[in-house]
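Residue numbers (UniProt numbering): 1 to 275.
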């Protein structure tokens, strides 16, 4: 299936919930209203529950429990609330994807988001944008499995979804990969241009005339999260570290490993995606 046909395939791309559409419209304004954002989230009980669960997870290390949406907006800020809204919406959109262990997929995605957020802080990038991009960077894998499960099955057998060589395997078969699909989804959901670009260039963030610093952060964060999933030892980490991407960003192996999450499981946050 061609990329454009995939992105237009019925049911492959989840429809944006009305509450999320309204929220994006407000948050995309030059001066969004925190009160209006809180009201829009509160209109959707399921969205509210997911946002609060993520707000109180280990990611944001809040000093006290956040009890309602107003507190979440006040304590976390608009950028992080945008991340939580998109995460909550996506978590409710994908259920029962053929060939995918969703618990493993979202755990891996949350790991990538946490590492990306930490790396972005080191590089003085926007941490909220990095968290969002990290969380959704592999969403194309789900979309591809929904749209063409029979074509994905043989790839899964040879190169599992979280294998370090997954993008290369997809490119050999389709001439595009999950990064291209995810960028297409993000564009349709009106994500910021910086996020769309990072998703599109995450595999090769500094090739040719491309220089996508956020894409480079996602590249390193996803490498580390995949390495953890497949339990690479020290020798394996050293052998597979993306040296050129790290060098371009001024990060070596030790500095990336130094951003490992304290908790690799994220059991509390996982509930926002699986319940």
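All C-beta atoms in this analysis are idealised placements derived from N, C-alpha and C, irrespective of residue type, glycine included. These numbers come from a predicted model, not from an experiment.
| Query | Result |
| --- | --- |
| Is the beta carbon of residue 85 closer than 7 Å to that of residue 279? | Because the chain spans 1 through 275 in this model, residue 279 falls outside it and cannot be assessed. |
| Find the nearest neighbour of residue 228 within the set 137, 80, 12, 256, judged by alpha-carbon distance. | 256 |
| Is residue 238 closer than 7 Å to residue 6 when the C-beta atoms are compared? | no |
| If you draw a straight line from the alpha carbon of residue 36 to that of residue 23, how long is it in whole angstroms? | 9 Å |
| Express the C-alpha separation of residue 96 and residue 240 in angstroms, rounding to a whole number. | 32 Å |
| Considering just the uninterrupted stretch of the alpha helix (DSSP H) at residue 119, what are its terminal residues? | 102 to 122 |
| Could you pull out every residue in the same chain whose Cβ sits closer than 7 Å to the Cβ of residue 43, ignoring the five residues on either side in sequence? | 19 |
| Buried or exposed: which applies to residue 210, given that a residue is buried once 16 or more other Cβ atoms fall within 10 Å of its Cβ? | exposed |
| Just curious, the alpha helix (DSSP H) that residue 219 is in, first and last residue? | 213 to 229 |
| If I measure Cβ to Cβ from residue 214 and keep anything under 7 Å in the same chain, skipping five residues before and after, which residues do I get? | 125, 129, 130, 133, 194, 198 |
| Could you check which residue in 175, 253, 265, 39 has the C-alpha nearest to that of residue 73? | 39 |
| Going along the chain, which residues of its own chain have a beta-carbon closer than 7 Å to the beta-carbon of residue 183, five neighbours each way excluded? | 196, 199, 200 |
| Applying the criterion that 16 or more other CB atoms from any shown protein chain within 10 Å of the CB defines a buried residue, is residue 127 buried or exposed? | buried |
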